[in-house]
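Colleague: First the structure, then my questions, so here it is.
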DNA sequence: AATGCGGGGCC
DNA sequence: GGCCCAGCATT
């Protein structure tokens, strides 16, 4: 084993954060943690990890739950396909297969998550390359734009013999998460500083690829019926969750005609996604249908904003219960 | 290889 | 406001 590998492992033994899934043996619980951690910071994932496992403690419990129930627990965590895929996975297999190759075929498990579960839960010697590992290795070996395949081959070759692969993978990720940071890396505190070829100008490794999120204009139509708001199951973006009709502005007249209403403006809502800046004009109308209480459904954050903007309409005749809304963090204007 | 998919924290 | 996060699926 090389000196830098010893240094990393020694650092990890001393500095590993105490996280709920550290030391966990149950492969299912490790899987849940890894899926929740996809593109999600540790601090954000922890409460969902606890909530999810309290409600679905085993693969069997998850399998027997309804998708909507699963989404309700996932509400707020984002990337809702992860929840859908986890639910599908539970239907697909009785138990988690103990190998990287088999795990990688399951819904929602790509190369990273399959490798993470295989190495951490089952001890398989396979490298798990996430954004942290990519950044750490890019800097350590001064690689500006390493390709994914090369990076995996490199990481695979770096797995030390006689070290638990799950521990090694986590040590590399931990370093990236708390020392080898994207913006302000703490090189003076880094156990690998003496070995790092990219330390001088860390900004080059890896080279950031920039793109700015374009703006997208949409309209949201809040229809207030006798018993509440008209909700649809959303398609595409926010798939599986619920919300009011959301569409491009040019569809307004067609939508109004379909519902038999004339709408009026309630205000604008801005919502930033990673690759889009949404500018949503919220419109409302009284509608002869029934509708329902929206706060009982899994809603994306955008729809919470839309409904908050529509609060003056919702308060109309007290059809929608404001206490329910406030329980969801919605405050009157 | 590029794009869509959430939400939150940090600068 | 931009950037990034223990990525995956689709094209």
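In the UniProt record's numbering, the protein residues as written are 1 to 333. Think of the CB as a built atom: it goes at the ideal place given N, C-alpha and C, for glycine as much as any other residue.
Using a 10 Å radius around the Cβ and a threshold of 16 neighbouring Cβ atoms, would you call residue 92 buried or exposed?
Modeller: Looking up residue 92 in the first chain gives position 92. Answer is exposed; the Cβ neighbour count stays below 16.
Colleague: To which residues of the same chain is residue 30 closer than 7 Å at the C-beta, ignoring the five residues directly before and after it?
Modeller: For the purposes of this step, residue 30 is taken as the residue at position 30 of the first chain. So the qualifying residues of the chain are 21, 24, 117, 120, 121.
Colleague: I need the straight-line Cα distance from residue 55 to residue 1, nearest angstrom please.
Modeller: Sequence index remark: in the first chain, residue 55 carries index 55 (1-based). Sequence index remark: in the first chain, residue 1 carries index 1 (1-based). Rounded to whole angstroms, residue 55 to residue 1 spans 43 Å at the Cα level.
Colleague: To which residues of the same chain is residue 62 closer than 6 Å at the C-beta, ignoring the five residues directly before and after it?
Modeller: For the purposes of this step, residue 62 is identified with residue 62 of the first chain, where counting begins at 1. The answer, listed in chain order, is 56, 90.
Colleague: Beta carbon of residue 221, beta carbon of residue 255: below 7 Å?
Modeller: Stepping through the first chain from its first residue, residue 221 is reached at position 221. Stepping through the first chain from its first residue, residue 255 is reached at position 255. In this structure, residue 255 lies closer than 7 Å to residue 221 by Cβ.
Colleague: Taking the beta carbon of residue 138 as the centre, do at least 16 other beta carbons fall within 10 Å, making it buried, or is it exposed?
Modeller: Numbered from 1 along the first chain, position 138 holds the residue referred to as residue 138. Label assigned to residue 138: buried.
Colleague: Assess contact between the segment 74-90 and the segment 125-133, defined as three or more Cβ pairs (one per stretch) separated by less than 8 Å. Is contact present?
Modeller: Segments in contact, no.
Colleague: Starting from the Cα of residue 96, find the closest Cα among 189, 58, 276 and give me that residue.
Modeller: Counting from one through the first chain, the residue named residue 96 turns up at place 96. The residue with the shortest Cα to Cα distance from residue 96 is 58.
Colleague: Over what stretch of residues does the alpha helix (DSSP H) that includes residue 176 continue unbroken?
Modeller: Numbered from its first residue, the first chain carries residue 176 at position 176. Where residue 176 is concerned, the enclosing alpha helix (DSSP H) stretches over 165-178.
Colleague: Could you tell me whether the Cβ atoms of residue 241 and residue 300 are closer together than 7 Å?
Modeller: Within the first chain, the letter at position 241 stands for residue 241. Within the first chain, the letter at position 300 stands for residue 300. Yes. Within cutoff.
Colleague: Which runs of the alpha helix (DSSP H) fall wholly inside the segment 19-106 and span at least 4 residues, in chain order?
Modeller: Entirely contained in the segment 19-106, the alpha helix (DSSP H) runs reaching 4 residues are, in chain order, 27-36, 42-55, 59-64, 67-74, 81-92, 100-103.
Colleague: Which residues in the same chain have their Cβ closer than 7 Å to the Cβ of residue 100, if we skip the five residues on either side of it in sequence?
Modeller: Along the first chain, read from residue 1 onward, the residue named residue 100 stands at position 100. Excluding sequence neighbours, residue 100 sits near 114, 115, 118, 124, 126.
Colleague: Sorted by chain position, which residues of the same chain lie with C-beta nearer than 8 Å to residue 45's C-beta, five sequence neighbours on each side aside?
Modeller: Position 45 of the first chain holds residue 45. For residue 45, where only same-chain residues beyond five positions count, the Cβ hits under 8 Å are 33, 36, 37, 77.
Colleague: In its own chain, which residues sit with a C-beta less than 6 Å from the C-beta of residue 140, not counting the 5 before and 5 after it?
Modeller: For the purposes of this step, residue 140 is identified with residue 140 of the first chain, where counting begins at 1. Taken in chain order, the residues that qualify are 196.
Colleague: Please give me, in chain order, every unbroken run of the beta strand (DSSP E) with length at least 3 that falls completely inside the segment 244-303.
Modeller: Correct list: 264-272, 277-286.
Colleague: For residue 6, report the span of its alpha helix (DSSP H) as first-last.
Modeller: Position 6 of the first chain, counted from the start, is the residue given in the question as residue 6. That run of the alpha helix (DSSP H) goes 3-15.
Colleague: Could you tell me which of 304, 167, 104 sits nearest to residue 13, measuring between CA atoms?
Modeller: Walking along the first chain from the start, residue 13 turns up at place 13. Residue 13 has its Cα closest to that of 167, out of 304, 167, 104.
Colleague: Please check the pair residue 9 and residue 163, which I expect to be a contact at CB under 8 Å, by giving their CB distance rounded to whole angstroms.
Modeller: Along the first chain, read from residue 1 onward, the residue named residue 9 stands at position 9. Along the first chain, read from residue 1 onward, the residue named residue 163 stands at position 163. The Cβ separation is near 7 Å, so the contact holds.
Colleague: Does the separation of the CB atoms of residue 178 and residue 190 fall below 7 Å?
Modeller: If you number the first chain from 1, residue 178 lands on position 178. If you number the first chain from 1, residue 190 lands on position 190. In this structure, residue 190 does not lie closer than 7 Å to residue 178 by Cβ.
Colleague: Under 7 Å between the Cβ atoms of residue 268 and residue 219?
Modeller: Translated into positions along the first chain, residue 268 becomes position 268. Translated into positions along the first chain, residue 219 becomes position 219. Not closer than 7 Å, so no.
Colleague: Between the segment 197-205 and the segment 282-289, do three or more beta carbon pairs fall short of 8 Å?
Modeller: No, the segment 197-205 is not in contact with the segment 282-289.
Colleague: Should residue 277 and residue 215 be called a contact, given that it needs their Cβ atoms to be closer than 7 Å?
Modeller: Here residue 277 corresponds to residue number 277 of the first chain, with the count starting at 1. Here residue 215 corresponds to residue number 215 of the first chain, with the count starting at 1. The answer is yes: Cβ separation under 7 Å.
Colleague: Put residue 193 into one of helix, strand or coil per three-state DSSP.
Modeller: Position 193 of the first chain, counting from 1, holds the residue named residue 193. DSSP places residue 193 in helix when its eight states are reduced to three.
Colleague: Suppose you measure from the CA of residue 109 to the CA of residue 69; what does that come to, to the nearest Å?
Modeller: To locate residue 109, count along the first chain from 1; it is residue 109. To locate residue 69, count along the first chain from 1; it is residue 69. Going by the C-alpha atoms only, they are around 21 Å apart.
Colleague: For residue 237, does the three-state DSSP call read helix, strand or coil?
Modeller: Looking up residue 237 in the first chain gives position 237. Residue 237: coil per DSSP, three-state reduction.
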